[in-house]
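Some notes on the structure that comes next.
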Amino acid sequence: MVPHVPQQARITTLLVRDGDRALELTFRSLAAEPGGPEAARLATAMSAFLALAPAKFLGLPPG
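FYI, the numbering for the sequence shown is 710 to 772, going by the working numbering.
Take a look at the structure:
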C-alpha cells in the first residue's frame, strides 16, 4: 500500500481592470506538504509574480 502524502491544492485568481482593459490570471497548482519549505517557496514566488502581473500585462506601474 502506498502511504498517504498530504498535498495542498491552490487556485489563485487575479483580476485587474484599467479603463476598458482587463486582466484575469488563474493559476492551479499543487504544493507539497502543507506548511513545508516547498509550499512556502511556491507561495512566495506566486505572490511576487502576482504583484508584478498588472505592470507586465497591462503596462501599469508596479505595485
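In this text, a Cβ means the ideal position worked out from N, Cα and C, and glycines have one as well.
Identify whether residue i lies in helix, strand or coil by the three-state DSSP scheme.
i    : result
L724 : strand
L739 : strand
L759 : helix
L767 : helix
Quick check: residue i and residue j, are their CB atoms within less than 8 Å of each other?
i    : j    : result
V725 : P763 : yes
F766 : L739 : no
L759 : T721 : yes
E742 : A748 : yes
State the beta-bridge partners of residue i as determined by DSSP.
i    : result
E747 : Its beta-bridge partners do not exist; DSSP assigns none.
Looking at C-alpha atoms only, which residue of the options is the closest neighbour of residue i?
i    : options          : result
L723 : M755, T735, A748 : T735
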